[in-house]
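J.: Keeping their order, the protein sequence lines are chains A and B.
So the first sequence is residues 22 to 177, counted in this note's numbering.
So the second sequence is residues 3 to 510, counted in this note's numbering.
Backbone N, C-alpha and C define an ideal beta-carbon position, used for all residues, glycine too.
Below are the structure tokens for one structure; questions will follow.
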Amino acid sequence: MFLMEWLVAIACMAFGAVVMWDSLRVGAGWAFDGPQAGYFPFYVGLLICASSVVTLVQVVLRRIGRRDRLFATWEQLWRVSEVLIPSMVYVLAIPWLGIYVPTALFIAWFMWRIGKYGAAKILPAALGVPVLTFLTFEVWFKLPLPKGPVESLIGY
Amino acid sequence: MESFQLLFHGFATVVQPFNLMVMVVGIVLGIIIGVLPGLGGANGVAILLPLTFTMSPTSAIIMLSCIYWGALFGGAITSVLFNIPGEPWSVATTFDGYPMAQHGQASEALTAAFTSSFVGALFAVLVITFVAPLVAAFALEFGPAEFFAVQFLAFASFIGLGRGSPFKTLTAMMIGFALAAVGLDTVTGSLRMTFGSTELLRGFGFLIAVIGLFGISEILQTMEESLTLKGKDAKINLKVVLQTWKALPRYWVTFIRSVVVGCWMGITPAGATPASFMSYGLAKRFSKEGDQFGQGKIEGVVAPETAAHAAGTSALLPMITLGIPGSPTAAVLLSGLLIWGLQPGPLLFLEQKEFVWSLIASMYLGNVVGLLIVLTTVPWMAAILRIPFSIIGPVILVFCAIGAYTVNNAAVDIIFMMMFGVIGYVLKKLDYPLAPLVLALVLGDMAEASFRQAMLMSQGALAIFWSNPLVSSISGLGLLMLFWPALTWARERLRGLVAPRPAPTKPA
């Protein structure tokens, strides 16, 4: 937990520093026509840095004489990564393959790996969701969704 | 009474068949959203927002606000039957709701919860009906300095009323402001924090951040806990409903107290979640049988549900009058207004009378319809929760992705959504509050614009925020809120110096 607190506070400080640096780049002062573009964000960045420093100090002070609370057990992290990694792959695949094919594969993979279902249950769910999505969004609400090579083969 | 006439016009608009259909669809979707883990009010509304692009603004706001009411109702179902809060604001409902279900009083608990929600919402709508026009008329006098002062007060309240570390609240809030500044600065035309990337030119989409921070992070958290759902069954019949209704008026003091707490916390942007906790705590303290709370007291269900619904509803008051949302979900509705081409703020009451009063009328009707729907559909909604997460989880994620994509038709937004999801998961685990981040993200541009205009008027002197009694009192209140944690800390320290340190008490 302390390690994560440290890392996040430091990451926030770094983010605040970037904000301040970029605000200085566009000008955080006063031009002839009023405040410059970086005027407001500069102080925002400053406050991020300052409050993260306080959080960091608090974490250090609290650490003395206390036992650490676990951020997450390895088992929990494993379960989270079981969703996170396939979701990342899914999300990264959408710009290339459109949304429908990755959706079917993603649901199938998830049900197979985590739900331990057989093909008889996986297939209708994995095919049904994309088809229903298509009907709802593209046909009913006329909102185009990303499409890839497979859809263009069928003629969309 | 011009307001009443307008309100009747509003009712006339709402009872048009299409709007009624939209209302029922919204409520049912909302209850489902409230029941499902990983889909909350804020990101549920955000995902469904693109569906309203083709509707008229009035039908769109009716649908989205009804989703919100539905989600508020739905959260109670899972709390009582499964001991799992479907929404953060129904955590306090589990304290007494689930023990009641264990004692075989699930239907009574649910009836009490829904009825209290309804009462809370009804009073909040009455407050909106009578107070909102006054606030809007008052706010017409506001200049940029006053607007910035109100926004300052809103954000300072997060720090003053927040439950966690004030510094973490400040960090989260400022990250929101910084993210809001990304992209093209419309005043000077310079690019801020884009680092040469064209994708960042548009800035970070608020809806994408909401879907990631609230939706994806919630799915990750649900996975971590590896839910195995063992719930109680409930079938509500008319007899139980009538019996419970007969018993409820006895708790009128609790109702009034909870409504007041809820409305106050909703209008200041503390939101429904702290309101429900505070109301539960107060009910426990003032009750003669306070020690029986937590074992299945009906008052322990009434208090948090009334307050949560009153807060959730009254969060729309500052949204429609000042353009400052009182909760993350209200913030999503606000960004909806912008997409439909309406400018939120006091002028809305003058220029979009039909829209505003239809919204208010739909709040009355939506809550009546919502109460009826939720009372009759409880068994089906509970059945939804029995669908294993390994099926419902990926489907929710797919809908999040579709929702993020359709906001701007940009596939890269889905990747941003995922990033926000991971960030949200980590921040939530470390008790950084997400609501101030999201509100800062949606209000960032407006707050900055009014700050700049104020600075222009005063040539850079902060004294403009103290230049007349009105702005000074708002700024003063803001400062008080900002330093409230410091004041309580100092008071406790002083007391510690005078009196011997009391024995550590168990957290309630």
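Of the residues that make up the stretch 323 to 342 of chain B, which ones have a beta carbon closer than 7 Å to any beta carbon in chain A?
T.: Listed in sequence order: no entries.
J.: At a Cβ threshold of 7 Å, is Ile-115 of chain A touching chain B?
T.: Yes, because at least one Cβ of chain B sits closer than 7 Å to the Cβ of Ile-115 of chain A.
J.: Can you name, in chain order, every residue of its own chain whose Cβ lies under 6 Å from the Cβ of Met-102 of chain B, other than the five neighbours on each side?
T.: If we look at Met-102 of chain B and ignore the five residues flanking it on each side, its Cβ neighbours are Ala-111 and Gly-298.
J.: Identify every residue that forms a DSSP beta bridge with Leu-284 of chain B.
T.: DSSP lists no partner for Leu-284 of chain B.
J.: Which same chain residues end up closer than 6 Å to Phe-154 of chain B when comparing Cβ atoms and leaving out the 5 residues on each side of it in sequence?
T.: The answer, listed in chain order, is Gly-480.
J.: Quick one: grab the DSSP three-state call for Lys-248 of chain B.
T.: In this structure, Lys-248 of chain B counts as helix in the three-state DSSP scheme.
J.: Please report whether the beta-carbon of Val-212 of chain B lies at a distance below 7 Å from any beta-carbon of chain A.
T.: So no, Val-212 of chain B is outside the interface.
J.: Using a Cβ-Cβ cut-off of 7 Å, state whether Ser-102 of chain A counts as contacting chain B.
T.: With 7 Å as the cut-off, Ser-102 of chain A does not count as an interface residue toward chain B.
J.: Give me the Cα-Cα distance between Ala-309 of chain B and Val-262 of chain B, rounded to the nearest whole angstrom.
T.: Approximately 8 Å, taken between the alpha carbons.
J.: Just to confirm before moving on: does the CB-CB distance between Thr-95 of chain B and Pro-306 of chain B stay below 7 Å?
T.: Yes, Cβ-Cβ distance for Thr-95 of chain B and Pro-306 of chain B is below 7 Å.
J.: So does the stretch 396 to 416 of chain B actually touch the stretch 206 to 219 of chain B, counting three or more Cβ pairs closer than 8 Å?
T.: Yes: at least three Cβ pairs fall under 8 Å.
J.: List the DSSP bridge partners of Lys-168 of chain A.
T.: In the DSSP output, where bridge partners are listed per residue, Lys-168 of chain A has A:Gly-119.
J.: Thr-80 of chain B to Trp-71 of chain B, Cα distance in whole Å?
T.: Their backbone Cα atoms lie some 16 Å apart in a straight line.
J.: What in chain A is Cβ-close to Phe-453 of chain B, meaning under 9 Å?
T.: Within 9 Å Cβ-Cβ: Pro-56, Tyr-60 and Phe-61.
J.: Can you check whether the C-beta of Gly-164 of chain B is within less than 7 Å of a C-beta belonging to chain A?
T.: Chain A contact via Cβ: absent.
J.: So is Ile-69 of chain A in contact with chain B if we call contact Cβ pairs under 7 Å?
T.: It does: the Cβ of Ile-69 of chain A has a partner Cβ on chain B nearer than 7 Å.
J.: Does Trp-359 of chain B pass the burial test, meaning 16 or more other C-beta atoms within 10 Å, or should it be called exposed?
T.: With 16 or more Cβ atoms within 10 Å of its Cβ, Trp-359 of chain B is classed as buried.
J.: Is the CB of Met-457 of chain B under 7 Å away from at least one CB in chain A?
T.: With 7 Å as the cut-off, Met-457 of chain B counts as an interface residue toward chain A.
J.: To the nearest angstrom, how far is the alpha carbon of Gln-294 of chain B from that of Ser-109 of chain B?
T.: About 20 Å.
J.: Name the residue from B:Leu-163, B:Ala-134 and B:Leu-53 whose alpha carbon lies nearest to the alpha carbon of Thr-154 of chain A.
T.: Closest by alpha carbon: B:Leu-53.
J.: Starting from Lys-431 of chain B, follow the alpha helix (DSSP H) in both directions and report where the run begins and ends.
T.: Where Lys-431 of chain B is concerned, the enclosing alpha helix (DSSP H) stretches over 414 to 431.
J.: For the alpha helix (DSSP H) that Ala-146 of chain A lies in, which residues bound it at each end?
T.: It spans 140 to 154 - the alpha helix (DSSP H) in which Ala-146 of chain A sits, taken as one unbroken run.
J.: Would you kindly report the start and end of the unbroken alpha helix (DSSP H) that includes Lys-355 of chain B?
T.: Here the alpha helix (DSSP H) through Lys-355 of chain B covers 355 to 387.
J.: Can the beta-carbon of Val-444 of chain B be found closer than 7 Å to that of Ser-337 of chain B?
T.: Yes.
J.: Using 7 Å as the limit for Cβ to Cβ distance, is Gly-136 of chain A near chain B?
T.: Closer than 7 Å to some Cβ of chain B, the Cβ of Gly-136 of chain A qualifies, so yes.
J.: Do we get a CB-CB distance below 7 Å when we pair Glu-450 of chain B with the residues of chain A?
T.: By this cut-off, Glu-450 of chain B is an interface position.
J.: Considering Cα atoms alone, identify which of B:Val-397, B:Ile-213, B:Trp-382 and B:Met-419 is closest to Pro-333 of chain B.
T.: According to the sequence provided, residue 333 of chain B is Ala. The question's Pro does not apply to it. Looking at the Cα atoms, B:Ile-213 is the closest of the given residues.
J.: Could you tell me whether the Cβ of Met-132 of chain A comes closer than 7 Å to any Cβ of chain B?
T.: At least one chain B Cβ lies under 7 Å of Met-132 of chain A.
J.: Find the nearest neighbour of Leu-172 of chain B within the set B:Ala-437, B:Ala-317, B:Val-376 and B:Leu-193, judged by alpha-carbon distance.
T.: That would be B:Ala-437, whose Cα lies nearest to the Cα of Leu-172 of chain B.
J.: For Trp-342 of chain B, name the three-state secondary structure that DSSP assigns.
T.: Correct three-state label for Trp-342 of chain B: coil.
J.: Please work out which residues of its chain come closer than 6 Å, Cβ to Cβ, to Pro-1 of chain B, disregarding the five sequence neighbours upstream and downstream, and give them in chain order.
T.: Residue 1 of chain B lies beyond the residue range present for chain B, which begins at 3 and ends at 510; the question has no answer from this structure.
J.: Taking three-plus beta-carbon pairs below 8 Å as touching, is the stretch 58 to 69 of chain B in contact with the stretch 271 to 290 of chain B?
T.: Contact between the stretch 58 to 69 of chain B and the stretch 271 to 290 of chain B is absent, because fewer than three Cβ pairs lie under 8 Å.
J.: Mapping the DSSP letters down to three states, classify Leu-66 of chain B as helix, strand or coil.
T.: Correct three-state label for Leu-66 of chain B: helix.
J.: Listed in chain order, which residues of the stretch 379 to 396 of chain B have Cβ atoms closer than 7 Å to some Cβ of chain A?
T.: The residues in question are Pro-390, Ser-392, Ile-393, Gly-395 and Pro-396.
J.: Is the CB of Arg-194 of chain B under 7 Å away from at least one CB in chain A?
T.: Judged by the 7 Å Cβ criterion, Arg-194 of chain B is in contact with chain A.
J.: Run down chain A in chain order and give the residues with a C-beta less than 7 Å from the C-beta of Pro-52 of chain B.
T.: Going along chain A in sequence order, the residues near Pro-52 of chain B (Cβ under 7 Å) are Leu-164.
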